[in-house]
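Undergrad: Sending over a structure as structure tokens; questions will come in a sec.
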Amino acid sequence: MSIAPRKPPLQFALRLKRALGGKTGWNGLAAQIAFAAILAWIAYEIVANARTNLETQHIASGFGFLNYNAGFDVNLSLIAYNNSDTYWRVFFVGLLNTILVSVIGIVFATVIGFVVALCRLSPNWLLSRIGGIYVEIIRNLPVLFQILFWYLAVLAALPAPRQSISIFGMFFLNNRGLIVPQPVSEPGLYPFLAALAVGIVAALGLRHYARRALFQRGQMIRIWPYVLVGLVGLPLVSVLIFGGPLKFELPQLKGFNFAGGARIIPEFVALTVALSTYTAAFIAEIVRAGVMSVHKGQMEAGSSLGLSRAATLRLIVVPQAMRVIVPPLTSQYLNLTKNSSLAVAIGYPDLVSVFAGTAVSQTGQAIEIIAMTMGVYLLLSLTTSALMSVYGWRINRSMAA
Amino acid sequence: MKRVSLAVILAAAAALSVQSASAQTLKTVKDRGQLSCGVSQGLPGFSSPDDKGNWTGIDVDVCRAIAAVVLDDPTKVKFVPLSAKDRFTALQSGEIDVLSRNTTWTVSRDTSLGANFTGVTYYDGQGFMVKKSLKVNSALELNSASVCVQTGTTTEQNLADFFKGNNMKYEVIAFGSIDEAVKAYESGRCDVFTDDASGLYASRLKLANPADHIVLPEIISKEPLGPMVRHGDDQWFDIVKWTLFAMINAEELGITQKNVDTMLKSDKPEMKRVLGTDGNLGEQLGLTKDWVVRIVKAVGNYGEAFERNVGTGSPLGIARGVNNLWNKGGIQYAPPIR
Numbered sequence: 289m290s291i292a293p294r295k296p297p298l299q300f301a302l303r304l305k306r307a308l309g310g311k312t313g314w315n316g317l318a319a320q321i322a323f324a325a326i327l328a329w330i331a332y333e334i335v336a337n338a339r340t341n342l343e344t345q346h347i348a349s350g351f352g353f354l355n356y357n358a359g360f361d362v363n364l365s366l367i368a369y370n371n372s373d374t375y376w377r378v379f380f381v382g383l384l385n386t387i388l389v390s391v392i393g394i395v396f397a398t399v400i401g402f403v404v405a406l407c408r409l410s411p412n413w414l415l416s417r418i419g420g421i422y423v424e425i426i427r428n429l430p431v432l433f434q435i436l437f438w439y440l441a442v443l444a445a446l447p448a449p450r451q452s453i454s455i456f457g458m459f460f461l462n463n464r465g466l467i468v469p470q471p472v473s474e475p476g477l478y479p480f481l482a483a484l485a486v487g488i489v490a491a492l493g494l495r496h497y498a499r500r501a502l503f504q505r506g507q508m509i510r511i512w513p514y515v516l517v518g519l520v521g522l523p524l525v526s527v528l529i530f531g532g533p534l535k536f537e538l539p540q541l542k543g544f545n546f547a548g549g550a551r552i553i554p555e556f557v558a559l560t561v562a563l564s565t566y567t568a569a570f571i572a573e574i575v576r577a578g579v580m581s582v583h584k585g586q587m588e589a590g591s592s593l594g595l596s597r598a599a600t601l602r603l604i605v606v607p608q609a610m611r612v613i614v615p616p617l618t619s620q621y622l623n624l625t626k627n628s629s630l631a632v633a634i635g636y637p638d639l640v641s642v643f644a645g646t647a648v649s650q651t652g653q654a655i656e657i658i659a660m661t662m663g664v665y666l667l668l669s670l671t672t673s674a675l676m677s678v679y680g681w682r683i684n685r686s687m688a689a
Numbered sequence: 056m057k058r059v060s061l062a063v064i065l066a067a068a069a070a071l072s073v074q075s076a077s078a079q080t081l082k083t084v085k086d087r088g089q090l091s092c093g094v095s096q097g098l099p100g101f102s103s104p105d106d107k108g109n110w111t112g113i114d115v116d117v118c119r120a121i122a123a124v125v126l127d128d129p130t131k132v133k134f135v136p137l138s139a140k141d142r143f144t145a146l147q148s149g150e151i152d153v154l155s156r157n158t159t160w161t162v163s164r165d166t167s168l169g170a171n172f173t174g175v176t177y178y179d180g181q182g183f184m185v186k187k188s189l190k191v192n193s194a195l196e197l198n199s200a201s202v203c204v205q206t207g208t209t210t211e212q213n214l215a216d217f218f219k220g221n222n223m224k225y226e227v228i229a230f231g232s233i234d235e236a237v238k239a240y241e242s243g244r245c246d247v248f249t250d251d252a253s254g255l256y257a258s259r260l261k262l263a264n265p266a267d268h269i270v271l272p273e274i275i276s277k278e279p280l281g282p283m284v285r286h287g288d289d290q291w292f293d294i295v296k297w298t299l300f301a302m303i304n305a306e307e308l309g310i311t312q313k314n315v316d317t318m319l320k321s322d323k324p325e326m327k328r329v330l331g332t333d334g335n336l337g338e339q340l341g342l343t344k345d346w347v348v349r350i351v352k353a354v355g356n357y358g359e360a361f362e363r364n365v366g367t368g369s370p371l372g373i374a375r376g377v378n379n380l381w382n383k384g385g386i387q388y389a390p391p392i393r
């Protein structure tokens with residue numbers, strides 16, 4: 289026979305007091321209300337003052353300008369853009385360029401950072417020294433200097449378009465960037481993609497089946513020949529029946545530059561390389577700290593089970609280290625995103641350059657534009673933090689399980 | 056990053072400053088004992104510091120002339136170098152008293168920025184510079200070219216209009232400062248560098264081999280460059296406006312830095328009026344009777360300032376052209392001092 293636990297009487301007022309005033313009770317609550325009121329008053333004064341000043345000086349205000357024509361061009365845009373589009377569109381062009389360089393920079397920075405950290409932790413003397421030198425040199429030079437170095441010293445030294453370095457007559461490298469053949473879709477594209485999708489789904493299903501067989505019955509099933517057939521064979525059959533999925537438009541020298549083909553501009557390359565190598569130096573140290581935080585006994589236990597060093601790292605050490613790595617890693621990702629605003633120095637059209645730069649000077653509406661730009665960086669940073677928190681939470685959960 | 060933070064600070068200052076636009080600029084400048092003047096970050100002939108840190112140029116001379124009439128000392132000027140995109144915010148926020156920074160007078164700038172143009176220091180137009188080795192003789196041959204430009208200027212919009220109007224394709228690479236744009240042009244990143252024609256001649260001097268570059272004959276826009284002041288202070292607007300007009304009138308009357316003292320003894324009524332030996336026109340402006348004398352003693356008349364800074368007496372060697380006086384074949388014309 290069990291006795292139901294006695295519930296404390298519901299005291300609504302008490303609970304409210306706890307929630308709002310903490311331990312100090314109603315006095316604390318009053319102090320909080322007063323503090324909030326002062327903050328609100330300061331905010332109101334700032335807004336009201338700015339509004340009056342703008343009106344007395346006849347400076348245009350409000351967000352109406354976003355619907356006006358921008359009237360200038362941007363040399364890299366992920367969405368269709370020309371000079372008769374609106375400032376709204378300029379905003380999104382800049383935003384997407386910022387996101388593009390941040391995302392690609394984060395991916396490269398993470399990969400390089402992990403590789404450098406593992407080099408530095410390696411028992412091989414040469415590798416660990418190379419890792420150490422990389423970190424010490426890159427980490428201690430200002431990032432703007434590194435961006436300018438890549439742009440003005442490395443990429444500007446490439447030849448002019450008419451003397452391009454040609455790779456098989458298809459890729460051309462010059463001081464205007466890397467020009468690659470542009471893929472143009474053919475009728476065979478959709479069957480090809482469908483066949484590839486079927487192959488991928490089949491391969492994932494097989495993997496799931498094989499893992500279950502391994503964990504539940506201890507049975508090893510060799511699946512790679514089937515996976516190969518699914519991933520390569522099926523699309524190949526589709527090509528034979530429906531024809532090739534893509535045709536490549538080759539770049540050709542015409543006038544000053546190459547016509548046809550797609551181009552990766554040097555400003556993008558310089559910015560991405562500089563930001564990712566710079567951030568990688570910090571990430572390497574974070575990863576090293578994370579790995580060192582895992583007890584040495586774990587490594588020894590791995591070896592005593594007969595696992596190779598690589599397998600021990602991959603299966604035992606790194607997953608535990610991730611718990612320590614993720615929080616500081618997040619702040620490095622945020623740093624990289626914010627540092628991307630240095631783009632203006634080398635003419636990469638990011639949000640700060642085209643929107644908080646050109647648009648401010650064309651419209652003169654600094655307050656609105658700077659506020660929007662700050663809002664965007666805040667949003668990007670909070671989103672990155674949120675994603676990384678979810679990831680960290682999942683790691684913690686799997687560790688606990 | 057530095058630019059962004061500057062813009063943020065200026066925006067915040069604009070938001071917080073209490074009634075900075077009231078008609079107090081003259082008093083503020085006198086109390087401070089120094090004129091704060093926004094100039095470029097270094098454009099030879101217009102505003103650039105020499106190796107000793109002294110600023111020279113025609114835009115700089117306008118600032119010195121204002122300091123001369125207000126403070127009786129052309130050296131009491133604090134020059135604030137500004138990038139193209141920071142210049143208006145600096146004026147709006149009250150960081151500078153006058154913006155004299157090769158700025159093109161347009162209707163949108165005259166209205167929505169909360170500032171007014173006071174006159175035209177230099178009539179300019181946008182042009183293109185290319186390497187001689189490209190063998191290009193006209194801007195209409197620039198289809199598919201890569202063009203370097205300074206961001207935040209009318210140049211950027213004119214460029215878009217010109218290429219669109221002529222059905223030509225181009226790639227624009229916009230840099231934060233003129234030096235970065237010129238460096239990219241020199242390194243071969245761009246085929247073309249575009250700027251106001253005067254700016255092209257000035258930038259060409261900075262290149263390793265100026266003779267390897269030519270300025271194409273086409274001028275694709277009107278770029279009247281002049282000083283700007285904040286809205287809401289008519290007295291200050293008048294002072295800046297009439298300082299430039301006085302320089303032009305002095306040239307028209309043949310008053311020069313050398314002969315101004317002898318001219319003071321002249322008994323021609325017009326001369327007496329302008330030089331303040333008769334009447335009180337200067338006091339009506341809130342200045343002193345000898346305001347024109349101060350200007351001419353400080354920087355000379357308009358023609359002298361032009362020749363010394365951008366004209367044939369300077370490394371730029373630009374001909375007077377449209378910037379000559381209206382009675383000598385140009386369009387520089389100032390309302391009379393009477």
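Protein chains in written order, with the numbering used here: chain A, 289 to 689; chain B, 56 to 393.
We treat Cβ as the ideally placed atom computed from N, Cα and C, and that holds for glycine.
These numbers were taken from a predicted model, which means no experiment stands behind them.
1) When you compare only the Cα positions, how much space is there between A/Phe379 and A/Leu667?
2) Using the beta-carbon of each residue, which ones in chain B are nearer than 8 angstroms to A/Glu555?
3) Say whether the segment 462-481 of chain A touches the segment 553-563 of chain A, bearing in mind that this needs 3 or more beta-carbon pairs closer than 8 angstroms, one atom from each stretch.
4) Does B/Phe459 come out as helix, strand or coil in the three-state DSSP assignment?
5) Would you decide whether B/Ala76 is buried or exposed? Buried here means 16 or more other CB atoms lie within 10 Å of its CB.
6) Put A/Met508 into one of helix, strand or coil per three-state DSSP.
7) Applying the criterion that 16 or more other CB atoms from any shown protein chain within 10 Å of the CB defines a buried residue, is A/Val395 buried or exposed?
8) Please state whether DSSP places A/Val403 in a helix, a strand or coil.
9) Compare the C-alpha of B/Met283 against each of B/Thr176, B/Thr83, B/Ala123, B/Pro136 and name the closest.
10) Mind checking who A/Asn462 pairs with in its DSSP beta bridge?
11) The segment 344-360 of chain A: which residues have C-beta closer than 9 angstroms to a C-beta of chain B, in chain order?
12) Do we get a CB-CB distance below 7 angstroms when we pair A/Phe402 with the residues of chain B?
13) By Cβ distance below 7 angstroms, which residues in the same chain neighbour B/Leu380 in space, the five residues on each side in sequence not counted?
14) Between the segment 115-130 of chain B and the segment 343-353 of chain B, are three or more C-beta pairs nearer than 8 angstroms?
15) Could you tell me whether the Cβ of B/His268 comes closer than 7 angstroms to any Cβ of chain A?
16) Compute the Euclidean distance between the alpha carbons of A/Leu327 and A/Ala336, then round it to the nearest angstrom.
17) Listing by chain order, which chain A residues have their CB less than 9 angstroms from the CB of B/Ala353?
18) Give me the subset of the segment 138-170 of chain B whose CB atoms are less than 7 angstroms from a CB atom of chain A, sorted by chain position.
19) Between which residues of its own chain and A/Val648 is the CB-CB distance below 6 angstroms, once the five residues before and five after are set aside?
20) Run the CB neighbour count on A/Thr340, radius 10 Å, all protein chains shown included, and call it buried at 16 or more, exposed below.
21) Assign A/Tyr636 to one of three DSSP states: helix, strand, or coil.
22) If you follow the beta strand (DSSP E) that B/Asp284 is part of, which residue opens it and which one closes it?
23) Leaving out the 5 sequence neighbours to the left and right, which residues in its chain are closer than 8 angstroms to B/Glu406 when beta-carbon positions are compared?
24) Who are the Cβ neighbours of B/Gly401 in its own chain at under 7 angstroms, not counting the five residues just before and after it?
25) For B/Thr206, which residues in chain A fall below 7 angstroms Cβ to Cβ?
26) Any beta carbon from chain B within less than 7 angstroms of A/Phe460's own beta carbon?
27) To be precise: take each residue of the segment 444-468 of chain A, compare its Cβ to all Cβ atoms of chain B, and keep it if any distance is under 7 angstroms. Which residues remain?
28) For the beta strand (DSSP E) holding A/Gly594, just list the boundary residues, first then last.
29) Are the beta-carbon atoms of B/Val377 and B/Tyr178 separated by less than 7 angstroms?
30) In its own chain, which residues sit with a C-beta less than 6 angstroms from the C-beta of B/Pro104, not counting the 5 before and 5 after it?
31) Under three-state DSSP, which class holds A/Leu446?
32) Just the Cα atoms here: how many angstroms apart are A/Ala599 and B/Val247?
33) Quick one, which of B/Pro265, B/Gly281, B/Thr249, B/Arg285 has its alpha-carbon nearest B/Leu271's?
34) Any contact between the segment 309-318 of chain B and the segment 83-102 of chain B? By contact I mean 3 or more CB pairs, one from each, below 8 angstroms.
35) Whether or not the segment 444-462 of chain A and the segment 537-550 of chain A are in contact is what I'm after, with contact meaning three or more pairs of Cβ atoms, one per stretch, closer than 8 angstroms; do they touch?
36) Distance, Cα to Cα, B/Ser253 vs A/Phe360?
TA: The relevant details are as follows:
1) As a first step, residue 379 of chain A must be located in the first sequence, where it is residue number 91. As a first step, residue 667 of chain A must be located in the first sequence, where it is residue number 379. Using only the alpha carbons, I get a separation of about 15 angstroms.
2) Counted from its first residue, the first sequence places residue 555 of chain A at position 267. Residues of chain B passing the Cβ test: Ile228.
3) yes
4) Here chain B comprises residues numbered 56 to 393, so residue 459 of chain B is not present and cannot be evaluated.
5) On the second sequence, residue 76 of chain B is found 21 positions in, with the first residue counted as 1. Note that B/Ala76 scores a pLDDT of 45, beneath 50, so its modelled location is shaky and nothing firm can be said.
6) Taking the first residue of the first sequence as position 1, residue 508 of chain A is located at position 220. A/Met508 falls in the coil class under three-state DSSP.
7) As a working note, residue 395 of chain A is residue 107 in the first sequence. With fewer than 16 other Cβ atoms within 10 Å, it is exposed.
8) One-based indexing of the first sequence puts residue 403 of chain A at position 115. Three-state DSSP puts A/Val403 in a helix.
9) Along the second sequence, read from residue 1 onward, the residue named residue 283 of chain B stands at position 228. Nearest of B/Thr176, B/Thr83, B/Ala123, B/Pro136 to B/Met283, Cα basis: B/Thr176.
10) For the purposes of this step, residue 462 of chain A is taken as the residue at position 174 of the first sequence. In DSSP, A/Asn462 forms a bridge with A/Gly465.
11) Thr344, Gln345, His346, Ile347, Ala348, Phe353, Ala358, Gly359, Phe360
12) Position 114 of the first sequence, counting from 1, holds the residue named residue 402 of chain A. No, because no Cβ of chain B sits closer than 7 angstroms to the Cβ of A/Phe402.
13) The count along the second sequence starts at 1 and reaches residue 380 of chain B at position 325. Around B/Leu380: Glu306, Glu307, Gln387.
14) yes
15) Here the question's residue 268 of chain B lines up with position 213 in the second sequence. So, not an interface residue.
16) For the purposes of this step, residue 327 of chain A is identified with residue 39 of the first sequence, where counting begins at 1. For the purposes of this step, residue 336 of chain A is identified with residue 48 of the first sequence, where counting begins at 1. Spanning the two alpha carbons is a distance of roughly 14 angstroms.
17) Walking along the second sequence from the start, residue 353 of chain B turns up at place 298. The premise fails here: B/Ala353 is roughly 30 angstroms from chain A at the closest Cβ pair, so nothing lies under 9 angstroms.
18) Ala139, Lys140, Phe143, Thr144, Gln147, Ser167, Leu168, Gly169
19) Looking up residue 648 of chain A in the first sequence gives position 360. Cβ within range, chain order: Ala654, Ile657.
20) Translated into positions along the first sequence, residue 340 of chain A becomes position 52. When all chains shown are included, A/Thr340 counts as exposed.
21) Numbered from 1 along the first sequence, position 348 holds the residue referred to as residue 636 of chain A. Coil, per DSSP.
22) Within the second sequence, the letter at position 229 stands for residue 284 of chain B. The sequence shown places Val at residue 284 of chain B, rather than the Asp named in the question. Per DSSP, B/Val284 belongs to the beta strand (DSSP E) from 278-285.
23) The requested residue 406 of chain B does not occur in the structure, where chain B is confined to residues 56 to 393.
24) As displayed, chain B neither begins before 56 nor continues past 393, which places residue 401 of chain B out of reach and without an answer.
25) Here the question's residue 206 of chain B lines up with position 151 in the second sequence. In chain order: Ser641, Gly645, Thr646.
26) Here the question's residue 460 of chain A lines up with position 172 in the first sequence. With 7 angstroms as the cut-off, A/Phe460 does not count as an interface residue toward chain B.
27) Ala444, Ala448, Asn463, Arg464
28) Counted from its first residue, the first sequence places residue 594 of chain A at position 306. It is not in any beta strand (DSSP E) - A/Gly594 carries neither H nor E in the DSSP assignment.
29) Looking up residue 377 of chain B in the second sequence gives position 322. Looking up residue 178 of chain B in the second sequence gives position 123. A contact, by the Cβ cut-off of 7 angstroms.
30) Taking the second sequence and counting its residues from 1, one reaches residue 104 of chain B at position 49. Excluding sequence neighbours, B/Pro104 sits near Trp110.
31) Locating residue 446 of chain A in the first sequence gives position 158, counting from the first residue. Coil at A/Leu446, not helix or strand.
32) Sequence index remark: in the first sequence, residue 599 of chain A carries index 311 (1-based). Sequence index remark: in the second sequence, residue 247 of chain B carries index 192 (1-based). Taking the straight line from one Cα to the other gives about 56 angstroms.
33) For the purposes of this step, residue 271 of chain B is taken as residue 216 along the second sequence, with counting starting at 1. For the residues B/Pro265, B/Gly281, B/Thr249, B/Arg285, the minimum Cα distance to B/Leu271 belongs to B/Thr249.
34) no
35) yes
36) The residue you call residue 253 of chain B lines up with position 198 of the second sequence. The residue you call residue 360 of chain A lines up with position 72 of the first sequence. Going from the Cα of B/Ser253 to the Cα of A/Phe360 covers about 22 angstroms.
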